[in-house]
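Take a look at the structure below.
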C-alpha cells in the first residue's frame, strides 16, 4: 500500500466515506501531527473517527494475525468507504467513568496509562541510576564488538580478560583457590581476602583471532557468573604467551578496566536491576509506587508559604511566623544573632532577600549536627526546627502547632 505524501509528510487519504451520516466525504489527514475533529452534534465526528478511521485501522491490524489468533480478537466490520490509503494500526482511547480514587489521573481515566506501562516495559532503555550509562545484557559477541572499538581507541594495548570470584561465607579462601586451580586457573589475585580476581587470558587485540577472544570471553562469563573485566596491561607484549602460564602475574586490580555483565547489572556501579514489567511503571502498584508518597504524588509537609505568610516583613519584623510566640521566641533571638554574625540582612523584606540568604534561613548551615547546647554556634534553620517539632508530636499542643503550617506538597523524591 502506498502512503500518499501531503506537504512532505505521510497522510491518511480518505475517499468516498459513506459511514452512517457521512455523505461521500473526501479528506486528507497528515501523519505525525495532532488533528482535532470538531463540529456540531450529528455532523459525523464519531462516524469519521471511530466508525471509519479506527474501524479500518483495527481491521487491517487484526488481519495480520493467523486465523487461529483472529478468533480470539474482536473483529470490526469494514466501513463504507471507497478507499483509505496510508492508515497505520489504530488504538482508540475512550474516556470511561470508573470509580474515582485519590490516585485517579487523566491517564487512568482514559486507560492511556495501561498503554504507556506496556510501552515502557517493552521498548524503554534502562539507564543506571548511579552513573547514567545504558544498562544492557552483554554476551561474548557483544563484548568482542565493544573491544573492537575500545582497543584501537586506547592505542591497541595488551588486554587481560579477568573475572571476579567472591568467596562464600561458608567456604575457606584456600578451598575456593584450590577449586579454581583444579580447573586450570593459576593466575589468581588474592589481594582481597574474600574476593579473587582470576585471569582468563591475555592478548593484544589486533594480533588475536576472533575465535580465541570469544572463547575466552565465554569461559570467563560462565565461571565468573556473568561478570567480566577487561584490564589494560602495562608493558610490552610477550610473544607466544600461554594463557595458562604460571609465571605471569595477574593484572593489578587498580589498572584501567572495561567492565561487562551478562545480566541487567551495571558493572561499573555494581547495581543489579530487575527485568522491566508493567507493574514497575504503575503508581497504583506497590511494585512501582514511590515509597515516600505511596503513589499519590504528594506528601504532607511543611508549607513555607504558611511559615512566611507576609513576604513584605523583614527578619527583624518577624517574617518567620511560628517564632513570634512566647514559646519559641528564643529561635527568633538566635536567628537575629546568627544573621548578624554571618552578614545576613535582617532589615530587608523577605521577598527581596537573595536565594542564598533565604536558603540559609530555611536550611541552616551544613556544619550543624545536633541540638546539644555545648555544640559551637551554628545556625540550625527553620527546616531543622520543624524536624525537631516532629520528634515532640506525641504532645497535643505540638500537633496543633504543626497542623497550622502543614499542607500537601509535591513529592520531592518522585
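In our numbering, the protein residues as written are 38 to 451.
Backbone N, C-alpha and C fix where the C-beta goes; we use that ideal spot for every residue, glycine too.
None of these values were measured; they are calculated from a predicted model.
- DSSP places residue 241 within a strand segment (E or B) once states are collapsed to three.
- Taking residue 139 as reference, the option from 332, 309, 232 with the minimal CA-CA separation is 332.
- With respect to the 8 Å criterion, residue 195 and residue 260 are not classified as neighbours on the basis of their beta carbons.
- With a 10 Å radius around the Cβ and a threshold of 16 neighbouring Cβ atoms, residue 373 comes out exposed.
- The way I'd put it, the segment 316-329 doesn't touch the segment 177-188; fewer than three beta-carbon pairs between them come closer than 8 Å.
- When DSSP states are grouped into helix, strand and coil, residue 296 belongs to the strand group.
- In the DSSP assignment, residue 152 falls within the alpha helix (DSSP H) that extends over 149-160.
- The shortest CA-to-CA distance from residue 358 to any of 304, 301, 422, 156 is the one to 422.
- Residue 256: member of the alpha helix (DSSP H) spanning 247-260, first to last residue.
- For a cut-off of 8 Å, the C-beta gap from residue 251 to residue 181 is around 6 Å, short enough to register as a contact.
- When rounded, the separation of the alpha-carbon atoms in residue 130 and residue 147 is 6 Å.
- Residue 330 sits buried, since 16 or more C-beta atoms from the chains shown fall within 10 Å of its C-beta.
- With the rule of 3 Cβ pairs closer than 8 Å, the segment 108-126 counts as touching the segment 48-57.
- Note that the C-beta distance between residue 385 and residue 351 is below 8 Å.
- Under a 10 Å Cβ-count criterion, residue 335 is classified as exposed, with fewer than 16 other Cβ atoms of the shown protein chains found around its own Cβ.
- Proximity to residue 202 across 124, 263, 215, 232 peaks at 232, based on C-alpha coordinates.
- Counting the other CB atoms within 10 Å of its CB gives residue 240 a total of 16 or more, which places it among the buried residues.
- As far as DSSP is concerned, residue 125 takes part in no beta bridge.
- If one requires a minimum length of 3 residues, the beta strand (DSSP E) runs lying completely within the segment 317-385 are 335-339, in chain order.
- Taking a 10 Å sphere around the C-beta of residue 69, we find fewer than 16 other C-beta atoms and assign the residue as exposed.
- If you look at residue 145, you'll find it in the alpha helix (DSSP H) that goes 143-146.
- Residue 442 holds the alpha-carbon nearest to the alpha-carbon of residue 342 among 64, 442, 210.
- A direct Cα-to-Cα measurement between residue 200 and residue 268 gives close to 10 Å.
- The beta carbon of residue 151 sits closer than 7 Å to none of the beta carbons in its chain outside the five residues before and after it.
- The segment 160-180 makes no contact with the segment 241-249; the number of CB pairs closer than 8 Å stays below 3.
- The Cβ neighbour count for residue 303, taken over all protein chains shown within 10 Å, is at least 16; the residue is labelled buried.
- Annotated three-state conformation of residue 130 is coil, per DSSP.
- Burial is judged here by how many other beta carbons sit within 10 angstroms of a residue's own beta carbon; residue 154 has at least 16 and is buried.
- If you draw a 10 Å sphere on the C-beta of residue 237, you find 16 or more other C-beta atoms in it, and that means buried.
- By the Cβ rule, the segment 94-102 does not count as touching the segment 60-74, because fewer than three pairs are nearer than 8 Å.
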